[in-house]
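If you're matching positions, the sequence shown starts at 1 in full-length UniProt numbering and goes up one per residue. C-beta atoms are modelled at their ideal positions from N, C-alpha and C, and glycine is treated no differently. It should be emphasised that the depicted structure is a prediction, and the values quoted were computed from it without experimental measurement.
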Amino acid sequence: MRRLVLVFLVLIVYGSLYPFGGWSEPPAPLFSFLFASPARVEKADLVQNVLAYMPFGLFMVAWLMRSTRFGVALLTAAVAGGVLSLAMESIQQFLPSRDASRIDLVLNIAGSVAGGMLASLLRGHTLGGPRLAAVRAQWLRSGTLPNLGLAALALWALSQTSPLVPTFDIGQVRHGLALLYHALREPGSMQPAQLLTYACYLAGLGLLARTLTRDGKPALPLFGALVACVLLLKIIVEGRQLSLEAVAGAFAAWMFLLAASRLRQAAWMGMALIGAGFVVSELAPGPEGMVYGFNWIPLMGQMRSLSGLQNILEIFWPFFAIAYFARLATPIGHRQPVVVIGSAAIAALVFWLEWSQQGLPGRFGDITQVLLACAGWIIPWTFAGPDFSAYRAPGERCLRRAPDR
1 MRRLVLVFLV
11 LIVYGSLYPF
21 GGWSEPPAPL
31 FSFLFASPAR
41 VEKADLVQNV
51 LAYMPFGLFM
61 VAWLMRSTRF
71 GVALLTAAVA
81 GGVLSLAMES
91 IQQFLPSRDA
101 SRIDLVLNIA
111 GSVAGGMLAS
121 LLRGHTLGGP
131 RLAAVRAQWL
141 RSGTLPNLGL
151 AALALWALSQ
161 TSPLVPTFDI
171 GQVRHGLALL
181 YHALREPGSM
191 QPAQLLTYAC
201 YLAGLGLLAR
211 TLTRDGKPAL
221 PLFGALVACV
231 LLLKIIVEGR
241 QLSLEAVAGA
251 FAAWMFLLAA
261 SRLRQAAWMG
271 MALIGAGFVV
281 SELAPGPEGM
291 VYGFNWIPLM
301 GQMRSLSGLQ
311 NILEIFWPFF
321 AIAYFARLAT
331 PIGHRQPVVV
341 IGSAAIAALV
351 FWLEWSQQGL
361 PGRFGDITQV
371 LLACAGWIIP
381 WTFAGPDFSA
391 YRAPGERCLR
401 RAPDR
């Protein structure tokens, strides 16, 4: 966990100081940005400044909670995030291409705190009180694996609804429904690859949701409600659109999940479905006809834009979910070789897919995708603790380790 803190610290420094050129004397006194209003405020910066520091806060709190109380760990993460952000904003004054801002500092601290709060939930800390913990335990399994499964679902939802800026402006509503309306009028404009990607992804996530719920609880209706909410949010979230491919893919996934209600090998099938969805999405041509070269500079196309944030999440969450399924299906004593072999296989596969995009119109091969895929695969294996833990609910016998499905 400490290594992950260092990794994300390096990534923050890299992203904050990129492109590392054009150093010059700042026109204003040092630290003057703390007292001046920012020259411009963009929604992309507001969202990214929070999300960029969330992993740093998450892994720092998860690391510190091994030896100290949650409150102390959260305060330490907030202070560390603030000091790191202040250092980065101060150095940015020497880079004309970057803008130092006190708003960025506040949002970075907020991101560190939000990540720490998320770490408390992943570690099973009763942050919301014993009543909320009891309700969660009555519906969902307890332990590290269920927490990681919930994180995978949250990452998928975030990838579909970023930049998380809803608006009820009639112009946005029309924009959000434009793709759906156009496809209904001209069904031939549908993109089969996108439909298949949605179907595979949602079918795999539906199997994941089934492994999270306790026996006797309605897993599919709960998952269906989540998918419906996410699709509806696409209509009102700025810059997002609801497509017929998404609706049809969700319907196809629902039919599959109903037919596979008695499927026993959910973990292997879930990995296959999500992996297939990723491969289809990688090999589908883009809307433009131009062909691009391969980018070897990490995060060059993902920084300073909301579309870059969306791209990061869209690459990261599938491999996070695949790692969840792999951890669910792998006995504890055999996990280390699975992590190593899986990392090499994923790196090779994603690199080949990205390299192949040089021949696909409208696609852009990027080494960043390889790094994000490997990170998504490795991170779920780093969380310690029992996969499933017992929880004694009121009037209920102590639950033993839940069997794998």
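Enclosing alpha helix (DSSP H) for residue i [first to last residue]
i	result
Lys234	219 to 236
Val280	266 to 283
Ala252	244 to 259
Ile341	335 to 356
Arg141	Counting along the chain, Arg141 falls outside any alpha helix (DSSP H), and DSSP gives it neither H nor E.
Tyr18	Where Tyr18 is concerned, there is no enclosing alpha helix (DSSP H), given that its DSSP letter is neither H nor E.
Leu205	192 to 212
Assigned exposure category for residue i - 16 Cβ within 10 Å defines buried
i	result
Ala100	buried
Glu282	buried
Gly289	exposed
Leu30	exposed
Glu186	exposed
Gly204	buried
Cys229	exposed
Ser120	buried
Ser24	exposed
Gly333	exposed
Val350	buried
Val227	buried
Val61	buried
Ile379	buried
Leu6	exposed
residue 408	Residue 408 is absent from the structure shown; the chain starts at 1 and stops at 405.
Pro318	buried
Pro403	Reliability of the predicted coordinates at Pro403 is poor, the pLDDT of 44 falling under 50, and the value obtained from them is presented with this limitation in mind. With fewer than 16 other Cβ atoms within 10 Å, it is exposed.
Anticipated Cβ contact below 8 Å, residue i with residue j, distance rounded
i	j	result
Gln160	Lys234	7 Å
Gly81	Tyr53	5 Å
Pro285	Leu371	Pro285 to Leu371, Cβ: 24 Å. No contact.
Asn295	Ile367	6 Å
Val13	Met88	7 Å
Pro166	Ile236	5 Å
Phe33	Arg102	6 Å
Leu212	Arg141	6 Å
Leu148	Phe383	6 Å
Gly216	Phe388	About 16 Å; that fails the 8 Å criterion.
Leu84	Leu11	Actually they do not touch by this definition, with Cβ atoms about 11 Å apart.
Trp355	Gly365	6 Å
Phe94	Met1	Contact flag wrong, Cβ pair sits at about 33 Å.
Ala276	Cys200	5 Å
Leu184	Ala253	Between Ala253 and Leu184 the Cβ distance is about 20 Å, and since that is not below 8 Å, they are no contact.
Ala77	Ser112	5 Å
Ala114	Gly57	7 Å
Reduced DSSP secondary structure (H/G/I, E/B, other) of residue i
i	result
Val5	helix
Phe31	coil
Asp104	helix
Asp169	coil
Thr76	helix
Arg405	Legend: pLDDT at Arg405 = 46, less than 50; position of this residue unreliable, value from coordinates given subsequently. Coil, per DSSP.
Asp366	strand
Thr330	coil
residue 421	Residue 421 lies beyond the range of the chain shown here (1 to 405); nothing can be said about it.
Heavy atom of the ligand SAM within 6 Å of residue i beta-carbon
i	result
Trp139	The ligand SAM is not part of the structure shown, which contains no ligands of any sort.
Evaluate contact between the segment 206 to 221 and the segment 320 to 329, counting only Cβ atoms and requiring at least three cross-stretch pairs below 8 Å. yes
With three or more C-beta pairs closer than 8 Å as the rule, is the segment 179 to 197 touching the segment 238 to 258? yes
Sufficient close CB pairs (3 or more, under 8 Å) joining the segment 306 to 319 to the segment 333 to 340: no
At a cut of 8 Å, does the segment 259 to 269 reach the segment 170 to 185 through at least three beta carbon pairs? no
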